[in-house]
Amino acid sequence: MAKAGRYTIPLADVERIDAAELFSISGEQRKAVRAARPRLMLMALIFAFGYSVLMVRSISLTIFDHQSVSVKSRVVAAIRVPRAKLTDRNGGLLASSIETYSAYITRANIRNAERLANQLSAIKGLASEEILRARLEGKKGRARIGHRLTPAIRDAIFSLGLPGMKFVPELTRYYPRGQFAAHVLGWVNADGKGPAGAERAFEEKLLDKNTKTLALSLDTRVQFALESELQTAMEEFRPEAALGIITNIKTGEVLAMAGRPTFSPNAPGKASPRERRNRAATDRYELGSVFKPLTLAMGFDQGLIEPDELFDVVRPLVVSTKQINDMHRSRHKMSVREILVKSSNKGAALIALKVGGKKQRQYLADFGLLDAAKIELKESARPYMSTRQWRAVKTATIGYGHGITVTPLAFVQAMGAVANGGHLVPLTLLARPPGYRPEGRDVISPKAAKTVVGIMREVVTRGTGKNANVEGYDVAGKTGSAEKLDPKTGRYAKDRNISSFVAIFPAYNPQYLVFILLDEPKGDVHTSGWETAGWNAAPVAGRVISRIGPVLLPLAKRTNLMASNVEKNP
Numbered sequence: 186m187a188k189a190g191r192y193t194i195p196l197a198d199v200e201r202i203d204a205a206e207l208f209s210i211s212g213e214q215r216k217a218v219r220a221a222r223p224r225l226m227l228m229a230l231i232f233a234f235g236y237s238v239l240m241v242r243s244i245s246l247t248i249f250d251h252q253s254v255s256v257k258s259r260v261v262a263a264i265r266v267p268r269a270k271l272t273d274r275n276g277g278l279l280a281s282s283i284e285t286y287s288a289y290i291t292r293a294n295i296r297n298a299e300r301l302a303n304q305l306s307a308i309k310g311l312a313s314e315e316i317l318r319a320r321l322e323g324k325k326g327r328a329r330i331g332h333r334l335t336p337a338i339r340d341a342i343f344s345l346g347l348p349g350m351k352f353v354p355e356l357t358r359y360y361p362r363g364q365f366a367a368h369v370l371g372w373v374n375a376d377g378k379g380p381a382g383a384e385r386a387f388e389e390k391l392l393d394k395n396t397k398t399l400a401l402s403l404d405t406r407v408q409f410a411l412e413s414e415l416q417t418a419m420e421e422f423r424p425e426a427a428l429g430i431i432t433n434i435k436t437g438e439v440l441a442m443a444g445r446p447t448f449s450p451n452a453p454g455k456a457s458p459r460e461r462r463n464r465a466a467t468d469r470y471e472l473g474s475v476f477k478p479l480t481l482a483m484g485f486d487q488g489l490i491e492p493d494e495l496f497d498v499v500r501p502l503v504v505s506t507k508q509i510n511d512m513h514r515s516r517h518k519m520s521v522r523e524i525l526v527k528s529s530n531k532g533a534a535l536i537a538l539k540v541g542g543k544k545q546r547q548y549l550a551d552f553g554l555l556d557a558a559k560i561e562l563k564e565s566a567r568p569y570m571s572t573r574q575w576r577a578v579k580t581a582t583i584g585y586g587h588g589i590t591v592t593p594l595a596f597v598q599a600m601g602a603v604a605n606g607g608h609l610v611p612l613t614l615l616a617r618p619p620g621y622r623p624e625g626r627d628v629i630s631p632k633a634a635k636t637v638v639g640i641m642r643e644v645v646t647r648g649t650g651k652n653a654n655v656e657g658y659d660v661a662g663k664t665g666s667a668e669k670l671d672p673k674t675g676r677y678a679k680d681r682n683i684s685s686f687v688a689i690f691p692a693y694n695p696q697y698l699v700f701i702l703l704d705e706p707k708g709d710v711h712t713s714g715w716e717t718a719g720w721n722a723a724p725v726a727g728r729v730i731s732r733i734g735p736v737l738l739p740l741a742k743r744t745n746l747m748a749s750n751v752e753k754n755p
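For the sequence shown, our numbering assigns the number 186 to the initial residue and increments by one for each residue that follows.
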């Protein structure tokens, strides 16, 4: 039998004990029960109080969690669903989804906003003391300390031991290379959507749970070389903007595409629309003389011209009421070859008129220049022409790259057909497997294409493109210098030019295309004051090729290409 001093009664049975039961026990037992009752009642009160606290806390957490979800949904750049990784063609990481944190503090727990702002601002990665102080001031609600915070920053804040602090985990799209390939990649907005670039183009694939990694056609080595030279061009020639595109003409893969000015996809909100715009896809230009190879291609394909056929470019050329002029007046007739090498507007216009408006329009359509470039980018723009009527003056001016505005991507796709033996291949941002040969269409004959590329090689060896010549790579190319249309006056401004250069290499067996465009470059002592493409866009293209050549065409590959060309053309 238990001793009287250790006699206990279960708490649940306390209320069921009546007087009869009490009187039926011994005196010692009654003393024990009476002694235990105050303690039991105290325990009951403590239990009831604890239960009440838990209930209040539960309700508080329910409301707070609801508010946290609401706040999380508004966090800039946070995404709700994991997106697949984006890599370059060699597996180099370009974009991934990582876990970051948003940090909030209940203002009621802040005793001194100024001192707390000073403490927090000392943590690298958070806002300035002034900004933090403005956020912390007030007595109600919660203040956001920061968002897209790394685990290291979260831990640094946590170590301060601040009451009322809460960290909300979130998925964030992260671009480990910062500004690198920004216009190709695009970014992810607050709603978890890709507004532009690959993030928009491949939205469905990236959100597919079965897609872990999506390999783009970019080659980071080629992309880096292009971006580096564009940045140098911005400093050297001080244009309003610059862009470049590099493609594999056999597969249509875009190996590099970049523009300046640019932005960081990690902080798109800090960039202006001008910086975020991918000019290669969205902007339309009258490209000028880089169009002339297309005009010659039409003439050769129709059998209307021969390389050494002469055209009279001495006499004034007036079509309708428009007089067409050359930059440098010629005192003798020019062959078709010389028209391209010396970039004669008159000569190109005469060839275009010989082709005729109806045929010219059909060729432009076949080259893809009357529609947006066939590439995955949703922002790829359609061309623009001032009038739908295809009169003689339009035919003539289009012959030398005026009267029609196209995107750089559309032009690159068209020139890729000339470089590719007359076969047009749609552009793509997706990496293709080795040996892949995409479907396309024949636009001009292989003979016509080869003839044009051969004359473009002469442009580089002895014409306006000499500054793009790179020893060992047999560069073929064409310069383009076009006056910009002043929207205020409706007239062409002689002091505002678009300079561009299109390069194909190696000329004997074309594999790659490089396109460079500078918007309003400035002349200086190094260019003898000239602002034309031969002095700026051409040397930029040459520097790019000298850097990417060893990557894309090592000596062994060049030897094989040359041998292959000899076999085809004994």
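Quick reminder that beta carbons are idealized off the backbone N, C-alpha and C, glycines included.
Among ARG329, MET419, GLU384 and PHE552, nearest to LEU612 - alpha-carbon criterion = Numbered from its first residue, the sequence shown carries residue 612 at position 427. The closest CA to that of LEU612, considering only ARG329, MET419, GLU384 and PHE552, is found on PHE552.
Three-state class that DSSP yields for GLY657 in the structure shown = Taking the sequence shown and counting its residues from 1, one reaches residue 657 at position 472. Correct three-state label for GLY657: coil.
Rounded to a whole number of angstroms, what is the C-alpha to C-alpha distance between HIS332 and GLY444?
-> As a position in the sequence shown, residue 332 is number 147, starting the count at 1. As a position in the sequence shown, residue 444 is number 259, starting the count at 1. The straight-line gap from Cα to Cα measures roughly 29 Å.
Would you call ASN294 buried or exposed, if buried means 16 or more other Cβ atoms sit within 10 Å of its Cβ?
-> Within the sequence shown, numbered from 1, the residue matching residue 294 stands at position 109. Exposed, because fewer than 16 other Cβ atoms sit within 10 Å of the Cβ of ASN294.
Is ARG327 closer than 7 Å to TYR289 when the C-beta atoms are compared?
-> If you number the sequence shown from 1, residue 289 lands on position 104. If you number the sequence shown from 1, residue 327 lands on position 142. In contact: TYR289 and ARG327 (Cβ atoms closer than 7 Å).
Would you list the one or two residues that DSSP bridges to MET350?
-> Your numbering for residue 350 matches position 165 in the sequence shown. As computed with DSSP, MET350 is found in a beta bridge with ILE290.
Hey, how far is the Cα of GLY542 from the Cα of LYS579?
-> Translated into positions along the sequence shown, residue 542 becomes position 357. Translated into positions along the sequence shown, residue 579 becomes position 394. Roughly 8 Å between the two C-alpha positions.
From which residue to which residue does the beta strand (DSSP E) around GLY331 run?
-> Here the question's residue 331 lines up with position 146 in the sequence shown. Unbroken beta strand (DSSP E) run through GLY331: 327-334.
Using three-state DSSP, classify GLN696 as helix, strand or coil.
-> Residue 696 sits at position 511 when you count from the first residue of the sequence shown. DSSP places GLN696 in coil when its eight states are reduced to three.
Look at the alpha carbon of MET747 and the alpha carbon of TYR693, and state the distance between them as a whole number of angstroms.
-> Within the sequence shown, residue 747 is the residue found at index 562, counting from 1. Within the sequence shown, residue 693 is the residue found at index 508, counting from 1. Between MET747 and TYR693, the C-alpha separation is close to 7 Å.
When you compare each of LEU415, LEU278 and LEU562 to PRO380 by their alpha carbons, which one comes out closest?
-> As a first step, residue 380 must be located in the sequence shown, where it is residue number 195. Looking from the CA of PRO380, the closest CA among LEU415, LEU278 and LEU562 belongs to LEU562.
Put ASP299 into one of helix, strand or coil per three-state DSSP.
-> Translated into positions along the sequence shown, residue 299 becomes position 114. Sequence check: residue 299 is Glu here, not Asp. GLU299: helix per DSSP, three-state reduction.
Any idea what DSSP makes of ILE148, helix, strand or coil?
-> Here the chain has residues from 186 to 755 only, and residue 148 is not among them.
Roughly how many angstroms separate the alpha carbons of ARG423 and ARG469, rounded to a whole number?
-> In the sequence shown, residue 423 corresponds to position 238, counting from 1. In the sequence shown, residue 469 corresponds to position 284, counting from 1. Rounded to the nearest angstrom, the two C-alpha atoms are 21 Å apart.
Below 6 Å CB to CB, which residues in the same chain sit around ALA367 once its five sequence neighbours on both sides are set aside?
-> On the sequence shown, position 182 is the one that residue 367 refers to. Around ALA367: THR447, PHE448 and PRO450.
Counting along the chain, where does the alpha helix (DSSP H) carrying ILE733 start and finish?
-> On the sequence shown, position 548 is the one that residue 733 refers to. 722-737 is the extent of the alpha helix (DSSP H) around ILE733.
Can you tell me whether ASN745 is buried or exposed, with buried defined as 16 or more other CB within 10 angstroms of its CB?
-> Position 560 of the sequence shown, counted from the first residue, corresponds to residue 745. By the 10 Å Cβ count, ASN745 comes out exposed.
At least three beta-carbon pairs within less than 8 Å, the segment 407-415 to the segment 429-444 | yes
Kindly give me the distance between the Cβ atoms of ALA599 and LEU538, rounded to whole angstroms, as I take these residues to be in contact under 8 Å.
-> Along the sequence shown, read from residue 1 onward, the residue named residue 599 stands at position 414. Along the sequence shown, read from residue 1 onward, the residue named residue 538 stands at position 353. Rounded, the Cβ-Cβ distance is 20 Å, inconsistent with contact.
Quick one: what's got a C-beta closer than 6 Å to GLY708's C-beta in the same chain, skipping five residues either side?
-> By 1-based counting over the sequence shown, the position of residue 708 is 523. GLY714, TRP715 and GLU716.
Give every residue of the same chain whose Cβ lies closer than 6 Å to the Cβ of ARG522, excluding the five residues on either side of it in the sequence, and list them in chain order.
-> Counting from 1 along the sequence shown, the entry for residue 522 is found at position 337. Only PRO492 and ILE640 meet the Cβ criterion.
How would you label GLY675, buried or exposed, when you count the other beta carbons within 10 angstroms and need 16 or more for buried?
-> The count along the sequence shown starts at 1 and reaches residue 675 at position 490. Counting the other CB atoms within 10 Å of its CB gives GLY675 a total below 16, which places it among the exposed residues.
Could you name the residues of the same chain whose beta carbon sits closer than 7 Å to that of GLU494, not counting the 5 residues immediately before and after it, in chain order?
-> As a first step, residue 494 is located in the sequence shown; it is residue number 309 there, counting from the start. For GLU494, where only same-chain residues beyond five positions count, the Cβ hits under 7 Å are SER520 and VAL521.
Ordered along the chain, which non-local residues of its own chain (more than five positions away) have a Cβ less than 7 Å from that of TRP575?
-> Along the sequence shown, one-based indexing puts residue 575 at 390. Answer for TRP575: GLY542 and ARG546, listed in chain order.
What is the residue span of the alpha helix (DSSP H) that VAL638 lies within?
-> Position 453 of the sequence shown, counted from the start, is the residue given in the question as residue 638. Counting along the chain, the alpha helix (DSSP H) containing VAL638 begins and ends at 631-647.
Roughly how many angstroms lie between the CA atoms of ALA307 and GLU414, to the nearest whole one?
-> Residue 307 sits at position 122 when you count from the first residue of the sequence shown. Residue 414 sits at position 229 when you count from the first residue of the sequence shown. The straight-line gap from Cα to Cα measures roughly 38 Å.
Output the boundary residues of the beta strand (DSSP E) element that contains THR396.
-> Residue 396 sits at position 211 when you count from the first residue of the sequence shown. THR396 -> no beta strand (DSSP E), and no H or E assigned at all.
Can you give the Cα-Cα distance for HIS608 and ASP556, rounded to whole angstroms?
-> Within the sequence shown, numbered from 1, the residue matching residue 608 stands at position 423. Within the sequence shown, numbered from 1, the residue matching residue 556 stands at position 371. If you take the alpha carbons of HIS608 and ASP556, they lie about 17 Å apart.
In the DSSP assignment, find the unbroken beta strand (DSSP E) run with GLY588 in it and report its ends.
-> For this step, residue 588 is matched to residue 403 along the sequence shown. From DSSP, GLY588 is part of no beta strand (DSSP E); its letter is neither H nor E.
Through-space distance from LYS518 to LEU590, alpha-carbon basis = Mapped onto the sequence shown, residue 590 falls at position 405. Mapped onto the sequence shown, residue 518 falls at position 333. It is Thr, not Leu, that sits at residue 590 in the sequence shown. Distance between the alpha carbons of THR590 and LYS518 is about 30 Å.
Within the same chain, show all residues whose beta-carbon is closer than 7 Å to that of ALA678, passing over the 5 residues directly before and after it, in chain order.
-> Residue 678 sits at position 493 when you count from the first residue of the sequence shown. These residues qualify, in order along the chain: GLU668, LYS669 and ASP671.
Take LYS544 as the anchor and find which of LYS397, GLY584, GLY454 and LEU278 has the nearest alpha-carbon.
-> For the purposes of this step, residue 544 is identified with residue 359 of the sequence shown, where counting begins at 1. Here the closest residue by C-alpha is GLY584.
Output the distance between the C-alpha atoms of VAL736 and VAL597, rounded to the nearest integer angstrom.
-> Walking along the sequence shown from the start, residue 736 turns up at place 551. Walking along the sequence shown from the start, residue 597 turns up at place 412. Taking the straight line joining both Cα atoms gives about 21 Å.
Kindly provide the ranges of any alpha helix (DSSP H) runs that are 4 or more residues long and lie completely inside the segment 499-568, ordered along the chain.
-> 521-526, 530-540 and 542-551
Range of the contiguous beta strand (DSSP E) that encloses SER413 = Taking the first residue of the sequence shown as 1, we reach residue 413 at position 228. Here SER413 belongs to no beta strand (DSSP E); instead the alpha helix (DSSP H) covers 405-422.
For ALA337, which residues from the same chain have a beta carbon less than 7 Å from its beta carbon, with the 5 sequence-adjacent residues on both sides left out?
-> Taking the first residue of the sequence shown as position 1, residue 337 is located at position 152. Once the five neighbours on either side are set aside, ALA337 has no close Cβ partner at all.
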